[in-house]
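Under the numbering used here, think of the first position of the first sequence as 4, with each following residue one higher. We treat Cβ as the ideally placed atom computed from N, Cα and C, and that holds for glycine.
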Amino acid sequence: MNFRFPKKEKLKSKKTIERLFSEGKTLKKFPVRVNYIPVENYETCKAAFVVPKRNFKLAVDRNRIKRQLKEAYRLHKHLLNNRSGVKFALLFIYLGGKKLSYQEIEKSMVNLLNRLTNETD
RNA sequence: AUUGCAAGUCGACUCAUCGUUCUAUUGGUGCUUAUCGCCUUUAGGAAGGAAAGUCCGGACACCAUAGGGAAGCAUAGCGGCUAACAGCCGUCGUCCGCAUUAAGCGGUAUAGGACAAGUGCAACAGAAAGAAUGUACAGGUAAUGCUGUAGUGAAAUCAGGUAAACUCUAUGCGGUGAAAUGCCACGUAAACUUGCGCUUGAGAGUUCCCGCUCGAUGCAAGAGGGUAGGCAGAUAGAGUUUGUUGGUAACAACAAACCCAGAUAAAUGAUGAGAAACUUGACCAACAUCAAGUUACAGAAUCCGGCUUAUAGACUUGCAAAAAAG
């Protein structure tokens with residue numbers, strides 16, 4: 004099982020991210036929402052993580068939540084390997100207004116990844 | 001040894017598992033070449049005292065080798081430090097506190113030039129703090145606050161106070177800001193519409209005027225598209241530590257040793273266990289033990305020097321205070 008999360012699995016294209024906001028489908032499981040679109044020419048799924056500045060004023064808090072989201076994704080991304088082999092661009096957005104424990108974030112992440120796999124099969 | 005105040009120093013440890021980024025490195029691999037890319041082995045580095053606020057000052061880059069004037073901004077005893085400053089050090093004055101016959105001692109206080117030009121402002125008291133008005137007594141006049149005294153007040157047609165009031169004086173300041181700037185790659189388009197202009201000069205040089213320079217495959221606006229990737233800038237520096245010398249000090253000089261983040265939708269972590277400190281509760285004469293909780297402020301973004309603000313806890317030094325013991 005590959006738990007690594009190198010640079011090429013990070014979503015960086017501004018254009019793709021704008022498309023995710025405008026035309027991406029969404030799944031929600033508090034406190035996390037995911038926007039996703041299938042992308043044909045990707046070798047792997049790519050993911051980005053967002054914590055709104057509106058909810059968390061301090062950079063330290065935003066960094067910590069992003070790290071926790073990243074960690075949850077890294078340890079559970081294998082759930083996404085579906086039969087069709089379609090790859091996705093993913094944008095995880097933290098909706099909560101408070102800091103939550105890692106266990107709660109992990110639970111939401113597993114839930115989301117499972118639902119995403121089922122819906123796209 | 002307790003509490004309070006002030007100054008300074010530090011400001012998050014250990015292990016396990018799974019990861020991120022940079023540098024070096026082992027082995028492999030990729031149409032061609034490769035100093036390049038990818039996979040991989042090992043080793044090492046990886047946030048702060050404020051990284052914050054973006055308030056000052058610089059370095060650096062570009063714009064006329066940055067010129068004259070206006071406007072604007074900043075500074076304000078004196079001397080020094082510094083690359084520079086609105087910073088720091090020293091000192092004088094003022095203010096506050098303590099003490100004394102007096103000299104003096106201390107301070108986390110102090111934007112501290114000019115009210116000898118003009119304008120403005122001023123509590124209470126007072127008739128009146130000035131284009132106004134006139135109380136009492138005395139003197140004087142043709143007549144009148146015309147004169148003196150009293151009275152109010154810090155100050156009364158004699159002026160004074162106030163410039164973190166306008167202002168004046170002296171000194172300094174060109175503008176922009178790492179999204180600067182240079183190069184490479186990709187891409188379309190020297191495309192379309194409208195307006196202006198082509199030496200009788202549109203427009204640009206980032207407040208305005210003058211001047212100077214550039215300027216025609218030009219400039220401005222619109223609609224619709226493309227790109228938004230890489231390298232340099234950019235991490236060895238006004239660098240850090242230690243020592244010696246000079247100086248009251250800020251600081252400087254010299255010597256030795258050291259290399260200490262370099263990301264870019266943004267790395268430096270996540271999870272678990274433990275240790276430590278503190279608080280509360282249980283038990284207890286007390287220690288110990290057990291349980292629960294807390295462990296701050298906060299995340300580099302071109303780089304330095306300051307300032308300001310936030311900060312749990314630990315340690316050091318100084319001052320003050322009460323009680324107990326000796």
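Quiz prompt | Where F59 falls: helix, strand or coil (DSSP) | solution = Within the first sequence, residue 59 is the residue found at index 56, counting from 1. Correct three-state label for F59: coil.
Practice problem: Mind checking who K49 pairs with in its DSSP beta bridge? | Solution: As a first step, residue 49 is located in the first sequence; it is residue number 46 there, counting from the start. K49 is bridged to A92.
Quiz item: Just how far apart, CA to CA, sit K90 and C48?
Solution: On the first sequence, residue 90 is found 87 positions in, with the first residue counted as 1. On the first sequence, residue 48 is found 45 positions in, with the first residue counted as 1. Their backbone Cα atoms lie some 5 Å apart in a straight line.
Quiz prompt | Local Cβ density within 10 Å of S111, reported as buried at 16 or more and exposed below that | solution = Position 108 of the first sequence holds residue 111. Buried, by the Cβ-count rule.
Self-check item: Extent of the continuous beta strand (DSSP E) to which P41 belongs
Solution: Here the question's residue 41 lines up with position 38 in the first sequence. V35 to V42 is the span of the beta strand (DSSP E), which, as asked, contains P41.
Quiz item: Ends of the beta strand (DSSP E) at L30?
Solution: Reading the first sequence from its first residue, position 27 is the one you call residue 30. Run containing L30: K28 to K32, per the beta strand (DSSP E) assignment.
Quiz item: With DSSP run on the structure shown, which of helix, strand or coil describes K15?
Solution: Looking up residue 15 in the first sequence gives position 12. Here K15 sits in coil by DSSP.
Quiz item: Whose C-beta lies closer than 6 Å to the C-beta of F59 among residues of the same chain, with five residues either side of it excluded?
Solution: As a working mapping, residue 59 is identified with position 56 in the first sequence. Closer than 6 Å at Cβ, skipping near neighbours: R65.
Quiz prompt | Cα-Cα separation, N114 to R57 | solution = Here residue 114 refers to the residue found at position 111 when the first sequence is read from its first residue. Here residue 57 refers to the residue found at position 54 when the first sequence is read from its first residue. Between N114 and R57, the C-alpha separation is close to 26 Å.
Quiz item: Are the CB atoms of L14 and A51 nearer to each other than 7 Å?
Solution: On the first sequence, residue 14 is found 11 positions in, with the first residue counted as 1. On the first sequence, residue 51 is found 48 positions in, with the first residue counted as 1. Their beta carbons are under 7 Å apart, which means L14 touches A51 by this criterion.
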